[in-house]
Every structure is written in C-alpha cells, then in structure tokens.
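For the sequence shown, position 154 (counting from the first letter as 1) is numbered 154 according to the numbering used here, and the numbering increases by one without interruption.
Glycine included, C-beta positions come from ideal geometry on N, C-alpha and C.
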Amino acid sequence: MKKKLSDHCLSEEFIIDKLFKKLNYNKLGTFNFENDGAYLNLSKKYQTVVTTDTITENVDFFSKDPPESIAQKILCVNLSDLSAMGSLPKAYTLNISINSYIDFNWLKKFTNKLSRLQKKYNIYCLGGDFSKSKEISITSTFFGQAKSKNILPQNKCQVDDDIWVTGNLGDSYIGYKLCKSFDNKIDKKNILSFKKKYLYPTPCMFGYMAAKYINSAKDISDGFFGDLKKILNKKYGAKINLKSIPLSNNLKKILLDSQSKIYLKDILCWGDDYELIFTSKKRYKGKLLSLAKKNNIKLSNIGSVIMQRGVFDDSALLIKNISSYDHFR
Numbered sequence: 001m002k003k004k005l006s007d008h009c010l011s012e013e014f015i016i017d018k019l020f021k022k023l024n025y026n027k028l029g030t031f032n033f034e035n036d037g038a039y040l041n042l043s044k045k046y047q048t049v050v051t052t053d054t055i056t057e058n059v060d061f062f063s064k065d066p067p068e069s070i071a072q073k074i075l076c077v078n079l080s081d082l083s084a085m086g087s088l089p090k091a092y093t094l095n096i097s098i099n100s101y102i103d104f105n106w107l108k109k110f111t112n113k114l115s116r117l118q119k120k121y122n123i124y125c126l127g128g129d130f131s132k133s134k135e136i137s138i139t140s141t142f143f144g145q146a147k148s149k150n151i152l153p154q155n156k157c158q159v160d161d162d163i164w165v166t167g168n169l170g171d172s173y174i175g176y177k178l179c180k181s182f183d184n185k186i187d188k189k190n191i192l193s194f195k196k197k198y199l200y201p202t203p204c205m206f207g208y209m210a211a212k213y214i215n216s217a218k219d220i221s222d223g224f225f226g227d228l229k230k231i232l233n234k235k236y237g238a239k240i241n242l243k244s245i246p247l248s249n250n251l252k253k254i255l256l257d258s259q260s261k262i263y264l265k266d267i268l269c270w271g272d273d274y275e276l277i278f279t280s281k282k283r284y285k286g287k288l289l290s291l292a293k294k295n296n297i298k299l300s301n302i303g304s305v306i307m308q309r310g311v312f313d314d315s316a317l318l319i320k321n322i323s324s325y326d327h328f329r
C-alpha cells in the first residue's frame with residue numbers, strides 16, 4: 001500500500017527528516033535543516049553568483065513525468081544559468097509545493113535523484129520550504145562563485161566575434177512532441193533517445209571552463225533564435241551558417257523526411273536544449289576547440305557577429321519571423 005502524504009505518520013517534519021536531510025551533507029551553515037535559515041560561506045577571492053528558476057506542472061513538465069526527470073530539470077535549468085555566467089555551482093535552496101497525488105515513494109525517487117546529481121556536480125542543499133498546492137511547483141535558487149573578471153555578461157558581444165554553440169540542438173524538441181503523442185514514424189529505438197533528451201536534460205558546464213575566452217554567453221533554454229537575439233541585444237546582427245547548426249544524425253533524418261512536418265526553423269525557435277551559445281574573439285578559436293576536446297564537449301562555430309541588425313543566413317538573406325518560448329504567450 002502506498003504511503004499517502006495525508007497519512008498521520010507522514011508529517012512535514014517526518015518527510016524532511018527521512019528524505020530531505022540527506023541533501024544537506026550536514027554542511028556548516030545548513031544547521032541540518034533544523035533552523036529557519038542558513039548561511040553560505042564562500043571564498044573571499046570570488047564573487048557570489050545567484051540565479052533562481054521555477055518549474056511548474058503542465059507548463060515545464062507533464063504530470064505523468066517521472067519524479068527523477070523533474071528533479072533533473074530543476075537542477076539543470078539553474079546549473080545551465082550559472083554556466084552561462086562563468087560560475088561554478090556550490091549550493092542551492094529548494095522550495096517544493098506538491099499535490100495530493102504525490103506519495104512517499106514519489107518523493108523518495110525525487111530526493112534520491114537529487115542526491116545523485118549533487119554528487120555529480122559537487123553541490124549541496126542549503127534548505128528550503130515544503131508545502132501543498134493543486135499542482136506541483138518547484139523553485140530553486142542556486143549560488144555559485146566566480147572571479148569578478150570571469151563573470152560573463154549576456155550582451156557584451158563585439159562585431160566580428162565568432163558565434164559558438166555546444167552540443168546538439170533540437171533533440172529535446174522532438175522528445176517533447178513524442179511525450180505529447182506526436183504522430184510519427186520514428187524508429188522505436190530512437191524514440192527513447194529523443195524522450196530522454198527532453199525528460200533528462202544535461203546542462204553544459206563549459207561556461208566556467210572557458211570564461212576567460214568568452215565575451216558574452218547565454219544558455220539555450222528559450223530557443224536558439226531567441227537567445228541569440230538576447231546576446232545581440234538589439235545592437236548588432238548575426239550571420240549564421242545554418243548548415244553548421246549542430247544536429248544529431250537521428251534528427252537530420254527526420255528533417256529530410258518531408259512527411260515528418262518537422263522543420264529546422266521550428267527547432268531553432270523552441271528551447272529546452274540547455275546548451276550554451278556564446279561569442280568570442282576569433283583569435284581564441286584554437287584555444288576553445290582544444291579546451292572543448294580536452295573536456296569531451298562538442299563545439300561548433302556557427303557564424304559571426306555583424307554590424308547590421310538582424311539574423312542572416314549564409315546567403316545573406318534575412319531570416320524572418322523568428323521567435324522563442326515565452327511563459328506568457
């Protein structure tokens with residue numbers, strides 16, 4: 001029999017004690033989650049970088065998604081933001097509101113996944129809050145550290161900068177459509193791969209590694225075109241070699257199939273890739289490629305920053321009607 005949160009034994013105190021306390025590693029400043037606050041003692045040599053994100057049921061994830069997937073998403077969206085600022089993650093807070101359908105086993109899977117990810121990224125939980133609501137909503141605030149000179153701005157690109165993208169784009173978009181019962185002819189062996197990209201996004205932490213070579217950076221969370229426009233900041237434009245956009249071989253096959261009704265522009269206006277898009281001076285090209293290879297990170301030079309505003313393809317044609325994800329549309 002499943003243990004419901006309404007059971008008398010499953011009080012907030014019981015849940016925190018049995019499931020969430022393991023996330024603090026009993027670090028100095030957490031008070032083992034027995035205080036109403038905590039403190040964070042970061043090095044005096046570094047600046048503290050802060051970011052926060054909320055993910056909500058039926059907006060950022062489906063109600064049927066595994067708890068492990070939801071745990072990975074709340075960490076990914078924040079880690080990706082810190083990476084785009086050239087910051088090394090250190091700790092986070094977690095505020096979680098759950099509905100009556102969530103049971104003890106769900107929370108156990110959720111916190112176990114958080115624990116595994118904490119070890120992977122060398123972070124810990126400072127504390128947070130726990131409550132009930134009609135829909136699941138999770139907010140996390142992350143704290144990172146970086147030297148002042150290495151904190152990356154989003155909009156300080158310069159004309160003639162190279163434009164770079166890490167990893168592959170678009171697989172998460174296909175995974176999302178598959179989770180929504182997308183009518184497709186995709187091989188079954190590839191369906192799981194696409195769904196995994198959507199359900200279990202992995203942040204690219206290259207921003208911290210390469211910060212000294214980067215002029216501006218943004219994680220691709222709201223769509224390639226939209227995030228590129230944020231980097232350009234209505235001040236400059238970009239010439240993009242669309243053939244250089246990094247795509248997986250499985251996605252390329254789908255794009256070649258006219259019956260799939262999947263188009264490159266749709267993919268580049270979507271999001272949830274959590275790769276990095278950044279600009280850098282041309283003289284750093286060799287250093288960037290070498291650093292990426294050393295850390296087993298795929299890196300693609302996809303264009304350059306130009307003086308004329310707008311986004312142009314390699315034939316110098318203006319790419320029109322480009323958009324990105326917006327929570328309020």
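Query raised in the report: Taking the runs of the beta strand (DSSP E) that are 3 residues or longer, which of them lie wholly in the region 20 to 67?
Result: 47 to 56
Query - Cα-Cα separation, Leu178 to Leu299 - result: Taking the sequence shown and counting its residues from 1, one reaches residue 178 at position 178. Taking the sequence shown and counting its residues from 1, one reaches residue 299 at position 299. Straight-line Cα distance between these residues: approximately 27 Å.
Report task. Can you check the region 74 to 140 for any beta strand (DSSP E) of at least 3 residues that lies completely inside it and give the ranges in chain order? Result -> Runs of the beta strand (DSSP E) inside the region 74 to 140: 88 to 98, 124 to 132.
Query raised in the report: Between Cys277 and Lys218, is the Cβ-Cβ spacing less than 8 Å?
Result: As a working note, residue 277 is residue 277 in the sequence shown. As a working note, residue 218 is residue 218 in the sequence shown. Reading off the sequence shown, one finds Ile at residue 277, where the question assumed Cys. Their beta carbons are under 8 Å apart, which means Ile277 touches Lys218 by this criterion.
Query - Rounded straight-line distance, which links the Cα of Pro246 to that of Leu114 - result: Here residue 114 refers to the residue found at position 114 of the sequence shown. Here residue 246 refers to the residue found at position 246 of the sequence shown. So the alpha carbons of these two residues sit roughly 30 Å apart.
Query raised in the report: Would you call the region 279 to 293 and the region 207 to 226 touching, i.e. three or more CB-CB distances under 8 Å?
Result: Judged by Cβ distances under 8 Å, the region 279 to 293 makes contact with the region 207 to 226, as three or more pairs qualify.
Query raised in the report: According to DSSP, what are the bridge partners of Asn301?
Result: In the sequence shown, the residue the question calls residue 301 occupies position 301. According to DSSP, which records beta bridges pairwise, Asn301 is partnered with Trp164.
**Report entry** Three-way DSSP call (helix, strand, coil) for Met1 in this model
**Finding:** As a working note, residue 1 is residue 1 in the sequence shown. In this prediction, Met1 has a pLDDT of 40, which is less than 50 and means its spatial position is unreliable; what the coordinates show is noted afterwards. In the structure shown, Met1 sits in coil (DSSP, three-state: anything other than H, G, I, E or B).
Requested in this report: Use the C-beta contact count for Asn168: other C-beta atoms within 10 angstroms, 16 or more gives buried, fewer gives exposed.
Outcome: What you label residue 168 is simply residue 168 of the sequence shown in a count that begins at 1. The residue in question, Asn168, is buried, as its Cβ has 16 or more Cβ neighbours within 10 Å.
Report task. Measure the alpha-carbon distance for Ile149 versus Cys157 and round it to whole angstroms. Result -> Here residue 149 refers to the residue found at position 149 of the sequence shown. Here residue 157 refers to the residue found at position 157 of the sequence shown. This sequence places Lys at residue 149; Ile is not what is there. Using only the alpha carbons, I get a separation of about 16 Å.
Requested in this report: Would you check if the distance between the CB atom of Phe130 and the CB atom of Ile16 is smaller than 8 Å?
Outcome: As a working mapping, residue 130 is identified with position 130 in the sequence shown. As a working mapping, residue 16 is identified with position 16 in the sequence shown. Inclusion of Phe130 and Ile16 in the CB contact set at 8 Å is warranted, their separation being smaller than that value.
Query raised in the report: Distance, Cα to Cα, Ser97 vs Asp81?
Result: Here residue 97 refers to the residue found at position 97 of the sequence shown. Here residue 81 refers to the residue found at position 81 of the sequence shown. Going from the Cα of Ser97 to the Cα of Asp81 covers about 23 Å.
Query raised in the report: How is Gln145 classed by DSSP in three states: helix, strand or coil?
Result: For the purposes of this step, residue 145 is taken as residue 145 along the sequence shown, with counting starting at 1. Three-state DSSP puts Gln145 in a strand.
Query raised in the report: Can you check whether the CB of Tyr121 is closer than 8 Å to the CB of Pro89?
Result: Counted from its first residue, the sequence shown places residue 89 at position 89. Counted from its first residue, the sequence shown places residue 121 at position 121. Yes; because the gap between Cβ atoms is below 8 Å, this pair is in contact.
Requested in this report: Give me the Cα-Cα distance between Tyr173 and Lys285, rounded to the nearest whole angstrom.
Outcome: Your numbering for residue 173 matches position 173 in the sequence shown. Your numbering for residue 285 matches position 285 in the sequence shown. Distance between the alpha carbons of Tyr173 and Lys285 is about 29 Å.
Query raised in the report: What whole-angstrom Cβ distance do Asn99 and Glu68 have, given they're in contact under 8 Å?
Result: Walking along the sequence shown from the start, residue 99 turns up at place 99. Walking along the sequence shown from the start, residue 68 turns up at place 68. Between Glu68 and Asn99 the Cβ distance is about 18 Å, and since that is not below 8 Å, they are no contact.
Query raised in the report: When the Cα atoms are used, what is the spatial distance from Asn339 to Phe20?
Result: Past the edges of the chain, shown from 1 to 329, lies residue 339, and the structure says nothing about it.
**Report entry** Simplified DSSP assignment, three categories, for Asp219
**Finding:** Here residue 219 corresponds to residue number 219 of the sequence shown, with the count starting at 1. In this structure, Asp219 counts as strand in the three-state DSSP scheme.
Query raised in the report: With 16 as the cutoff for other CB atoms within 10 Å, does Ser140 come out buried or exposed?
Result: Numbered from its first residue, the sequence shown carries residue 140 at position 140. Buried, by the Cβ-count rule.
**Report entry** Delimiting residues of the alpha helix (DSSP H) encompassing Ser290
**Finding:** The residue labelled residue 290 in the question sits at position 290 within the sequence shown. It spans 285 to 294 - the alpha helix (DSSP H) in which Ser290 sits, taken as one unbroken run.
Query - Spatial distance of Glu12 from Ile240 (CA atoms) - result: To locate residue 12, count along the sequence shown from 1; it is residue 12. To locate residue 240, count along the sequence shown from 1; it is residue 240. The straight-line gap from Cα to Cα measures roughly 52 Å.
Query raised in the report: Three-state secondary structure (DSSP) at Gly390?
Result: Look at the range of the chain in this structure, 1 to 329, and you will see that residue 390 is not part of it.
Query raised in the report: When you compare each of Ile186, Gln145, Thr111 to Gln259 by their alpha carbons, which one comes out closest?
Result: Residue numbering aside, residue 259 sits at position 259 when the sequence shown is read from its first letter. Residue Ile186 is the option with its Cα nearest to Gln259.
Query raised in the report: Which residue or residues does DSSP assign as beta-bridge partners of Thr202?
Result: For the purposes of this step, residue 202 is taken as residue 202 along the sequence shown, with counting starting at 1. BP columns for Thr202 are empty, so no partner.
Query raised in the report: Can you tell me the Cα-Cα spacing of Asp314 and Met209, whole angstroms?
Result: On the sequence shown, residue 314 is found 314 positions in, with the first residue counted as 1. On the sequence shown, residue 209 is found 209 positions in, with the first residue counted as 1. One C-alpha to the other measures close to 30 Å.
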